[in-house]
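Asker:
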Amino acid sequence: MLPRGSRRKKKKALPMKSVFLLVITAVLIISSGIWGDNGAKAEYVVPINQIPKLTKVGPIGEYGYPVWYKDSKGKRLELCVDATDRLCGFVAGEFAEGPLSVENGNFHEEAFYQLAGTEITMPSGGDAVATFALEAAWANEIVQDGDQIVFGRVRFRIDDLQIGKEYIISHPYGVDKITATPADPDETGANDPGEIRFVEDIGINGGFEGAKTSRIGTFLEWDTGAPPGYVGDPDIEHKIKNGYFNGTEEQNYFRIQGPGIGSDGTCGPDCIQTDLFSLMGKEATTAGVDVIRATYSQDIAGEGTIDVFASTEEDAQYTIDVTGDGMSAVTMKGTTGQYFGRIPFTGDIPAAVIVTNRSDNPISTKKMKPVDHIIGTAKYDTNSDNLYITASSSDQLNKPALTAEGFGEIPASGTLVINKPEKIPPFITITSAKGGKESLPVNVTADPAIANAGPAQTVKQGSAVTLDGSASTNAAAFKWEQVSGPAVSLSDAGAAMPTFTFPKQFIPVSFKLTVTDAKGQNSTNESIVTITPAPDKLTVQPVNFIPSSGTLNVSGTSDVFGPGVTITISKSNQPTPLGTAVVGPDGKWLFSKRGLSFAAGETLTIVSSSGGKLNNVAVTILNR
11 MLPRGSRRKK KKALPMKSVF LLVITAVLII SSGIWGDNGA KAEYVVPINQ IPKLTKVGPI
71 GEYGYPVWYK DSKGKRLELC VDATDRLCGF VAGEFAEGPL SVENGNFHEE AFYQLAGTEI
131 TMPSGGDAVA TFALEAAWAN EIVQDGDQIV FGRVRFRIDD LQIGKEYIIS HPYGVDKITA
191 TPADPDETGA NDPGEIRFVE DIGINGGFEG AKTSRIGTFL EWDTGAPPGY VGDPDIEHKI
251 KNGYFNGTEE QNYFRIQGPG IGSDGTCGPD CIQTDLFSLM GKEATTAGVD VIRATYSQDI
311 AGEGTIDVFA STEEDAQYTI DVTGDGMSAV TMKGTTGQYF GRIPFTGDIP AAVIVTNRSD
371 NPISTKKMKP VDHIIGTAKY DTNSDNLYIT ASSSDQLNKP ALTAEGFGEI PASGTLVINK
431 PEKIPPFITI TSAKGGKESL PVNVTADPAI ANAGPAQTVK QGSAVTLDGS ASTNAAAFKW
491 EQVSGPAVSL SDAGAAMPTF TFPKQFIPVS FKLTVTDAKG QNSTNESIVT ITPAPDKLTV
551 QPVNFIPSSG TLNVSGTSDV FGPGVTITIS KSNQPTPLGT AVVGPDGKWL FSKRGLSFAA
611 GETLTIVSSS GGKLNNVAVT ILNR
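Note that the sequence shown covers residues 11 to 634 in our numbering.
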């Protein structure tokens with residue numbers, strides 16, 4: 011019979027199916043040592059990390075516990091909760107009666123994936139009891155959803171020992187060295203000066219994955235003849251297999267060695283052992299199903315899809331369907347435990363999707379409310395001391411509000427910028443008004459300064475010009491340098507936007523901008539901008555030529571005022587200039603020269619040093 015508990019009073023015989031103590035005792039691990047529940051110093055002779063571990067946790071079942079756990083050898087055991095099943099090992103009066111319901115608070119105080127126990131009657135008349143369990147219980151010993159816990163338990167209670175002496179305990183889950191301490195006076199008989207009270211519960215605070223770190227990593231089985239679908243019969247003590255392999259043999263026994271133990275003739279002096287165990291465990295008959303994610307997308311026309319991700323046991327192929335209100339079922343695609351399906355919808359978002367593992371008997375079903383999917387990034391730039399949070403929702407129709415927890419709402423632009431944030435968390439959680447939630451890792455960067463000298467400009471000669479490096483990023487310092495063209499004087503070469511006066515020359519001027527970040531560490535960047543002058547606009551009055559004196563008179567204007575602007579006059583068919591004129595401060599110029607000759611039809615070409623040009627200017631020959 012299973013040793014579900016071991017609370018006893020003075021030397022009272024141990025009932026093998028008594029109530030399992032619900033006191034969940036945390037185990038403190040210090041270096042290679044552990045502590046028993048009565049303060050006894052204990053030591054792992056076989057380090058816990060060398061003991062095989064559970065490999066998989068099954069989907070969550072209808073009572074909020076994993077449907078199954080898979081051990082190091084691939085065997086899956088389910089939570090045995092049917093009190094009418096004799097092989098689940100429940101004792102009359104010690105289980106929940108009627109339909110099980112977590113919602114109604116009606117569930118067993120404890121249930122087991124595995125419960126193995128054994129007892130030795132010591133030569134002195136005392137008891138030695140061992141329990142090895144993968145147990146489901148309630149964190150606060152109250153049946154309420156959210157308080158479900160699963161942990162691996164190794165427990166010893168050994169009487170009639172010598173106080174302060176060390177005892178070696180070998181068992182299916184390792185070898186422990188434990189020092190005996192004075193016995194509890196309320197539980198001490200004449201032959202009970204010392205005792206070991208040791209409980210190791212691992213996984214209580216680790217979610218359902220926490221049990222995978224316990225020593226209950228390989229499920230025990232009868233060595234032969236186990237009832238079909240079970241690892242043993244709790245009402246029959248039997249030899250087992252799958253105990254820890256110590257290099258020579260599997261430790262399919264419970265053995266105690268140490269001073270004053272005596273001998274039962276099985277393992278030498280001061281050594282007692284048994285290889286008979288009471289064992290309960292039910293092989294999993296269903297795989298179950300978990301809905302990992304159900305997220306919808308919807309465009310502005312109201313057309314949408316729901317993407318559903320589900321998981322189940324990985325060692326077989328399963329038929330898994332997904333559907334929703336008013337939608338046809340879709341068979342999900344997948345293998346090795348991972349499945350995906352997409353279902354379309356129009357208009358209102360379905361209240362729930364239903365995922366069904368049709369390969370299970372009975373079928374396993376899960377519901378989940380679809381929420382929008384959030385896509386985003388979070389970046390902290392150490393140079394600018396800015397935190398950038400970018401996020402968007404897959405719901406384009408409703409455009410739900412998005413909030414960065416601890417920082418505020420994401421603006422319509424999609425990016426929230428926090429300058430000099432007080433905190434830089436490793437993750438930022440984005441929540442949506444439509445239920446979506448995403449945790450974004452914060453990427454820390456040191457973006458270099460990038461120079462941007464602004465666009466090329468075309469300006470009027472003699473005008474004021476502003477260089478513009480304000481579009482540079484992460485720039486803390488600016489340096490402008492002229493690289494070509496007639497020399498000019500900048501108002502402030504260290505400013506983001508210095509000014510200068512463009513010379514009265516038709517020659518481009520180029521500048522190089524170098525920027526440096528706030529730390530001045532290898533974050534410089536160069537950019538070149540060229541300022542091109544526009545040619546001046548020339549006008550000319552009617553040109554007269556007086557043959558008697560050979561005098562040519564030409565006058566006009568330039569919109570680039572002098573001084574510094576020269577006008578050159580040439581016959582259109584001759585490369586050699588006739589002469590030059592200077593543009594005055596009012597923009598006017600005048601050219602007059604004697605001793606020239608012109609034939610009828612000859613024209614002039616007038617060119618400005620500031621780029622303006624007039625071609626084929628007519629010449630009027632006066633008859634005087």
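Just so it is clear, CB atoms sit at the ideal spot from N, CA and C, and this is done for glycine as well.
According to DSSP, simplified to helix, strand and coil, what is R96?
Answerer: Helix.
Asker: Starting from R225, trace the beta strand (DSSP E) both ways and give me its first and last residue.
Answerer: Looking at the DSSP string, R225 is not in any beta strand (DSSP E), and its letter there is neither H nor E.
Asker: Taking Cβ to Cβ, would you say T613 is nearer than 9 Å to K623?
Answerer: Not a contact, by the Cβ cut-off of 9 Å.
Asker: Are the CB atoms of L97 and M290 within a distance shorter than 9 Å?
Answerer: yes
Asker: Comparing C-alpha positions only, which one of G217, A304, I246 and N116 sits nearest to T234?
Answerer: Selected option, being the one with the closest Cα: I246.
Asker: Excluding the five sequence neighbours on either side, which residues of its own chain have a C-beta within less than 7 Å of the C-beta of P237, listed in chain order?
Answerer: L97 and D243
Asker: Going by DSSP in three states, I438 sits in which element: helix, strand or coil?
Answerer: strand
Asker: State the Cα-Cα distance for the pair G621 and V427, rounded to the nearest angstrom.
Answerer: G621 and V427: Cα-Cα distance of roughly 49 Å.
Asker: Leaving out five residues on either side along the sequence, give the residues of the same chain with a beta carbon under 6 Å from the beta carbon of K489.
Answerer: T524
Asker: Under 8 Å by Cβ, that's how I've got S442 and D382 pegged, so tell me the actual separation to the nearest angstrom.
Answerer: 5 Å
Asker: Rank A326, D325 and G344 by C-alpha distance to the C-alpha of V332 and give the top, closest one.
Answerer: G344
Asker: DSSP three-state call for Q124: helix, strand or coil?
Answerer: strand
Asker: Can you name the residues that DSSP bridges to D391?
Answerer: N396 and T455
Asker: Express the C-alpha separation of V550 and V629 in angstroms, rounding to a whole number.
Answerer: 11 Å
Asker: Where does E129 fall in DSSP's three states?
Answerer: Strand at E129.
Asker: Rounded to whole angstroms, what's the CA-CA distance from F571 to F512? Just pull it up for me.
Answerer: 13 Å
Asker: Pick helix, strand or coil for P76, following the three-state DSSP scheme.
Answerer: strand
Asker: With three or more beta-carbon pairs closer than 8 Å as the criterion, would you say the stretch 558-575 touches the stretch 587-604?
Answerer: yes
Asker: Give me, in chain order, the residues of the same chain whose beta-carbon lies closer than 7 Å to that of G347; leave out the 5 immediate sequence neighbours on both sides.
Answerer: S321, T322, E323 and E324
Asker: Taking N150 as the reference, which of A126, I214, L548 and E419 has the closest Cα?
Answerer: I214
Asker: Run through DSSP, which three-state label would I556 get?
Answerer: strand
Asker: For the candidate residues P552, S558 and N462, whose alpha-carbon lies nearest to that of F521?
Answerer: N462
Asker: So, using beta-carbon positions, are T578 and V617 closer together than 9 Å?
Answerer: yes
Asker: Between K222 and K63, what straight-line distance do the alpha-carbon atoms span, to the nearest angstrom?
Answerer: 6 Å
Asker: Report the start-end ranges of each beta strand (DSSP E) in the stretch 489-555 that is 3 residues or longer and not cut off at the edges.
Answerer: 509-511, 519-526, 535-544 and 548-550
Asker: Leaving out five residues before and five after E3 in sequence, what residues of the same chain have Cβ atoms less than 6 Å from its Cβ?
Answerer: Nothing can be reported for residue 3: it is not among the residues displayed for the chain, which extend from 11 to 634.
Asker: How many Å lie between E120 and I61 at the Cα?
Answerer: 25 Å
Asker: Could you tell me the boundaries of the beta strand (DSSP E) in which C281 lies?
Answerer: C281 to T284
Asker: Does any CB atom of chain B fall closer than 9 Å to the CB of T296?
Answerer: In summary, chain B is missing from the structure at hand, where a single protein chain is found.
Asker: Since I believe I130 is in contact with I282 (beta carbons under 8 Å), could you give me their beta-carbon distance rounded to a whole number of angstroms?
Answerer: 6 Å
Asker: For Q406, which of helix, strand or coil comes out of DSSP?
Answerer: coil
Asker: Three-state secondary structure (DSSP) at I271?
Answerer: Residue state, collapsed to three classes: coil.
Asker: With DSSP run on the structure shown, which of helix, strand or coil describes E419?
Answerer: In this structure, E419 counts as strand in the three-state DSSP scheme.
Asker: Counting only the same chain and skipping the five closest in sequence on each side, list residues whose C-beta sits under 7 Å from that of E313.
Answerer: So the qualifying residues of the chain are T356.
Asker: Where I420 and I188 are concerned, what is the direct C-alpha to C-alpha distance, given to the nearest angstrom?
Answerer: Approximately 58 Å, taken between the alpha carbons.
Asker: Going by beta carbon distance, what residues of the same chain come within less than 8 Å of A146, once the five residues before and after it are set aside?
Answerer: Y75, L89, E120, A121, F122, Y123, Q158, I159 and V160
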